[in-house]
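Protein chains: 2
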Amino acid sequence: MSSIKELEAVFAPKSIAVIGASKKPGTIGNQVLQNLIDSGYEGKLYPINPTAPEILSRKAYASIKDVPGDVDMAVFCVPEKLVLGVAAECAEKRVKAYVVITSGFSEVGNKAGEEELVKIAKATGGRVVGPNIVGVLLNSAKANASFAPCLPYPGRTALISQSGALLIALDMATFVRQLGVSSMISLGNMADVDFADCIDYYAHDPNTSCITLYIEGVKDGRKFIESGRKAGKPIIALKAGVSAHGAAAAASHTGSLAGSVKVYDAAFKQAHVLWAKDLDELLDRSQALAMQPPMTGENICVITNGGGIGVLSSDSAEAYGVPLKTVPKDLQDEFKKCMPDFGSPKNPVDITGGAGLAGYEAAIEVALKHDWVDGLAVLYCETAVTKPDEIAEGILKAIEKSAVNDKPIVACFVGGEKCLEAGKKLLAKNIPCYDNPDKSMSALAALRQVALFNAEGKEPDFKAFAGVDPKKAREIIAKARADGRGALTEPEAKEVFRAYGLPVGQGKLAKTVDEAVAAAKELGFPLVMKIVSPQILHKSDAGGVKVNIKDEEGVRAAFATITENAKKYNAEAQIHGVLVQEMAPMGKEVIVGSVNDAQFGPTVMFGLGGIFVEVLKDVTFRVAPFSPKTAMGMFPEIKAYGILQGARGEKRLDQERLSEIVSRISQLVTDLGDEIAETDANPIMLYEEGKGLAVVDARIILKKK
Amino acid sequence: MSSIKELEAVFAPKSIAVIGASKKPGTIGNQVLQNLIDSGYEGKLYPINPTAPEILSRKAYASIKDVPGDVDMAVFCVPEKLVLGVAAECAEKRVKAYVVITSGFSEVGNKAGEEELVKIAKATGGRVVGPNIVGVLLNSAKANASFAPCLPYPGRTALISQSGALLIALDMATFVRQLGVSSMISLGNMADVDFADCIDYYAHDPNTSCITLYIEGVKDGRKFIESGRKAGKPIIALKAGVSAHGAAAAASHTGSLAGSVKVYDAAFKQAHVLWAKDLDELLDRSQALAMQPPMTGENICVITNGGGIGVLSSDSAEAYGVPLKTVPKDLQDEFKKCMPDFGSPKNPVDITGGAGLAGYEAAIEVALKHDWVDGLAVLYCETAVTKPDEIAEGILKAIEKSAVNDKPIVACFVGGEKCLEAGKKLLAKNIPCYDNPDKSMSALAALRQVALFNAEGKEPDFKAFAGVDPKKAREIIAKARADGRGALTEPEAKEVFRAYGLPVGQGKLAKTVDEAVAAAKELGFPLVMKIVSPQILHKSDAGGVKVNIKDEEGVRAAFATITENAKKYNAEAQIHGVLVQEMAPMGKEVIVGSVNDAQFGPTVMFGLGGIFVEVLKDVTFRVAPFSPKTAMGMFPEIKAYGILQGARGEKRLDQERLSEIVSRISQLVTDLGDEIAETDANPIMLYEEGKGLAVVDARIILKKK
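Chains U and V, in that order, give the protein sequences. So for the first sequence, our numbering puts the first residue at 52; every next one is plus one. So for the second sequence, our numbering puts the first residue at 52; every next one is plus one.
Here it is as structure tokens:
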């Protein structure tokens, strides 16, 4: 986690130098200085220009070194070739924040220049924003340190964007959307300051209630997750580049690698970050997240004057995972007093088109005061007989009268110009108002999710298992590396698994048929026998597996067949021997695997075996390490969850034990994240509740070094 | 299909009587008359009022019978108790369209009154709109025959709504959304005129290019599908009440039963109706559908000045099933001339923020003129250096210069007030413009789907199989009914299936063990034997099935066990005997079933057997009857499609034969739709390509009569 103190110069600078400030209109150096003046920046402002003594009526300095006092932030508006020289001068001056608008770095392949820039800044405790950015727009500091035309519409959302063009467009869009923003930060190439730093800072910023991110790719996934969890504030992100083609476009755009959607989906959950499906959802939900408290229970009450929009809100609520429920009888009785006979008090509470202002006011107050209600949506269809403006006033009055302020409230006004105006009035009083019932339900669902995240707490979601033996695991890996191998053999991989407390069946490696017979006698029947060869990873394909061996004769026959098949399959294969192994009873086959993601590092996958993984791609991920509780949360995410729950009259499977094993694997791949590229525990035989599981086959692929 | 001539009085009346016209402001009778005058209705207008000689400066009549000339349309603004009397007078007058605003009919349980109303009107060739509606708002006829405040923003979308409150709200929303509307029709209880009638009419209306529906429930599903297919015009619908709770709310709202989502989903496809996921999508897509031609190929080109919105458009395109592809080399070369070096010509074509007006104009012209491009999206992020207004002008100029008018074009302007203004300018010239790249891709995807629907043609999607024997099937059913049974036994059901050419294995019903042995000898081994009892539907549960019987001894043993088990299971069960049947070789188990949907009638379901249906609910539907080609379209809709395609090294399964069988079953359940409630061919053993399939078990449940 970054030091908040260190970041203050970036997000709340007391003095700003504009390096490359210019008299010439149309240049960035002119625009940025003008913007800082226009935005009413009240700190010290120093134009830096080698020749001009004064720019835009401000005294200018030839070099930042000539500035009399301290400089918190330097905004770089100079050509790329001057950046490193200027940075060196900033370092001498002990500048804390380098806001580098200049482009021409990693986005065009100049990675070295970018690294050097960061090195220079960091050497004296400075932080770099950018390069290749629009700048930073800080409403609370009244500082538009950017070439975007003006500070955004003021409010409590911090908006962080990896795309500069989008940031400028959104800057202007904040006014038409009435989206209140505390700051807009352009991150560009993210050579230093990244999403995690922004989250760290805005988590502590009293002017910010919601952190909104446009992400093309995060650079340090683990730092992102840690910062998100610690924030304890609503965070919402739009991840661009989720399609194959889109990812390619994103890569060409910012030079950052995009992780797979499923990994991002997992990481966002673990970082307590809400996923926005598109730009509208990002901005619409941000409004609600910034203005309203989390929804601490699951009971939404919808009050409407139109049956149609009521039904639509019910459909949407279910789609967003917060289905409406019929309100309790006593509350129905109270609602009945607020509506004509042909209204409906059940939920949606339809006070009907004729109900008017008084009906709304009464019903809203009733709803907010009732314990059952956790969140409220007030829907309004413009009618010929009611005035949107009055309804908006009535909503505000009823909320005030109820004196309830810990339940989220959203509104939806469907209609014309007057509804837009009424909506603006509500927004000005911190009631999010939409023009589509779907959006109001999306907003409440987001506020519900924030409460669920809050309930999970800010602490890291993992406590290491005791009694694991990383040292032994590393010895086994070291031995394989010494042999020049990039993967462990099955017995080796199983040994590593065993070192982390995984239930791997007993087995012995037999080099001769007699050794196999001896091992069989020691282990007892039935048995499985498998070829062990570094060159044969797909043992079944090679005819290298025999199951259900019941006696000595079987062992002898299997040994002969397996070794013969292996030689046929690959004459060059180096044969370590044949693994003789206890045969696990049949259970439901599940798979736990891991990858080492470029952004997020070791990441664990779970799914059911066979067609579920191969045909249905029915899998889910979590970034490692994580607790058994988090592993339990993975299971309902697969489509075949019913099978784990005991479908078709079968017993529920041992999800508790499975969750522990998944968590242990997450510890293993994290501890050995520097060595292991991929693992597979496939299949695991999972038995019914209380009866545990058995890891039947194991594979570990090492990182290329 | 309705007679268009008959419907003209509803949608383009030459004369209108307002029954219950009133001098008193605030009454519906006053409002409707005022609205007709205000909207500039040019036909003959007759206020009807028992006492007033003149209303709103118009001569009034005591009864419609006193009106001198013909009356096309009568708008009912009288209380419910007067409606039937007035209707009788209208019938005498040979009124053609009864627009019944009055409520108090089936929506409050008064079904009889509603039926009587329709009966009176129909007796003299009249049609009823409503009751319980807002009225009809006809822009081309300049007739606001409703109590909604004004005619909607003029344009080419016909908007039909089952919810009156929503219709009024949308009426006003058309102005802020600049959604051009030809007519708005409030359908209310749909006692007579329904969605299909509206589709029939607007399919032929030269002023309408897109038909937009808000549906809570259709009443005659088959008529809906037929009208939709025949329309040959874009139709888009928002189906409300898709959630369990929402359906309940819809039912209380309009009194119509809501079919299951999956059946509606199927019916919409078959009716060539696009599904809108929410109100925004309904209205946003309607704009594009009304303004732009269908997209006849799948190549979308995106031109953008911002990488971020480009990536987002690419993500959305994939999500909507129209993924972007890299443009061909020669087109890339042409694009390169329109952008600076650091732009990207691949798709999204990123002309970069610096490109400005000239870049847009050149790139748009290049794109439209190139054969590869089937549809174009022009995205724009507001920047500090370009003017949205000029970009909009440039887009229009480039389109005109290209002289291309058969490719759809949409725009997306992200920014502030100036972008909104520019968007309005584009809309006024029939270029749909959105504020979110997602919406522009949704619009192009919709236009692509219209082209695919058009390619399917307007004809009904079914040609009956020859050589089927419905007479025989009916005889079998009649016999079961005569026995007082509600379901067929397995041999009976199989006989019905056989009458429709389904490959059902040979079998014999044996009443005694000796009959069973004789049957076995005739059929040959291996065999399956199953209990046949009207009281035992779940044969396996009753221990009433034995498989893989290999010899006479086995037949004898099986007969004894099966009959014994059946008696244990249900001592009262009437035992018809034991079915002795050829045993089909193992294949992939699939299920074809049917239900008799309340709205759509016989509807066929397809899925894979076992957990796929029971746990994953991985099934898909089509309303019967339909062609083998349509059946082929069902297969890729299931998640387990990979298995039909030959997953994990297996051969592709015989989808061609399966599609024929599914189509035959659709014919069977349609022909016998008056008799059959449900069928199940479960399991069907499906074999590899060219090797067909075998129906192993069959069940037919009869309709309650």
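Built from N, CA and C at the ideal position, the CB exists for glycine as well. Since the structure is predicted, the reported quantities are computational estimates derived from the model, not experimental observations.
Contact list for V:N487 against chain U, beta-carbon separation under 7 Å
D329, L330, D331
Taking C-beta to C-beta, are U:A142 and U:T175 nearer than 8 Å?
yes
When DSSP builds the beta bridges, which residues end up paired with V:V400?
V:I354
Give me the Cα-Cα distance between V:D121 and V:R145, rounded to the nearest whole angstrom.
8 Å
With DSSP collapsed to three states, give me the class of V:A622.
coil
With H, G and I counted as helix, E and B as strand and the rest as coil, what does DSSP make of U:L334?
helix
Could you say which of U:L709, U:D748, U:H589 lies nearest to U:M634 if we only look at CA atoms?
U:D748
Could you pull out every unbroken alpha helix (DSSP H) segment of at least 4 residues lying fully inside the region 153-184 of chain V, listed in chain order?
162-174
Give the residues from the region 691-714 of chain V that approach chain U closer than 7 Å (Cβ to any Cβ), ordered along the chain.
A691, G693, I694, A698, R699
Does the separation of the CB atoms of V:V643 and V:A732 fall below 8 Å?
yes
Check whether chain V comes within 8 Å of U:N356, counting only Cβ atoms and requiring the distance to be less than that.
yes
Residues of chain U with CB under 7 Å from V:V159, in chain order?
F393
Outcome for U:S645 when other beta-carbon atoms lying within 10 angstroms are tallied against a minimum of 16:
buried
On the three-state DSSP scale, how would you describe U:V455?
coil
Segment limits, beta strand (DSSP E) that includes U:E633
628-633
Measuring from the CB of U:L96, is there a heavy atom of the ligand PLP at a distance below 7 Å?
This structure simply doesn't include the ligand PLP, nor any ligand for that matter.
Should U:E267 go down as buried or exposed, given a rule of 16 or more other Cβ atoms within 10 Å for buried?
buried
Within 10 angstroms of its Cβ, does U:T259 collect 16 or more other Cβ (buried), or is it exposed?
buried
Unbroken beta strand (DSSP E) run spanning U:R207, endpoints:
205-212
Give the residues of chain U in contact with V:V265, contact being defined as C-beta atoms less than 7 Å apart.
For clarity, residue 265 of chain V is Tyr in the given sequence; the question names Val instead. Going along chain U in sequence order, the residues near V:Y265 (Cβ under 7 Å) are G359.
When you compare only the Cα positions, how much space is there between V:K618 and V:T563?
15 Å
Check the Cβ-Cβ distances between V:S294 and every residue of chain U, and say whether any is below 8 Å.
yes
Output the distance between the C-alpha atoms of V:P205 and V:A454, rounded to the nearest integer angstrom.
26 Å
May I ask you to report which of helix, strand or coil DSSP gives V:I446?
helix
Residues of chain V with a CB under 8 Å from the CB of U:K223: which are they?
For the record, residue 223 of chain U in the displayed sequence is Met; it is not Lys. Per Cβ cutoff of 8 Å: E433, G466, G467, E468, K469, C470.
What's the gap between the Cα of U:F156 and the Cα of V:N487?
30 Å
Can you tell me whether V:E105 is helix, strand or coil according to DSSP?
strand
Using a Cβ-Cβ cut-off of less than 9 Å, list which residues of the region 361-385 of chain V approach chain U; keep chain order.
G361, V362, L363, S364, S365, D366, S367, A368, E369, A370, P374, L375, K376, T377
Taking Cβ positions only, does V:E665 come closer than 8 Å to chain U?
yes
Flag this pair as yes or no: are the beta carbons of V:E739 and V:P511 separated by less than 8 Å?
no
Determine contact between the region 274-292 of chain V and the region 498-515 of chain V, defined as no fewer than three beta-carbon pairs at a distance below 8 Å.
yes
Once DSSP output is grouped into helix, strand and coil, what is the label at U:I250?
helix
Can you tell me the Cβ-Cβ gap for U:G466 and U:C432, rounded? I've got them flagged as a contact below 8 Å.
7 Å
The beta strand (DSSP E) with V:T259 in it runs from where to where?
That residue, V:T259, is in no beta strand (DSSP E); it is neither H nor E in DSSP.
What span of residues does the alpha helix (DSSP H) with U:G272 cover, start to end?
272-282
Alpha-carbon spacing of V:A497 relative to V:A368, whole angstroms:
11 Å
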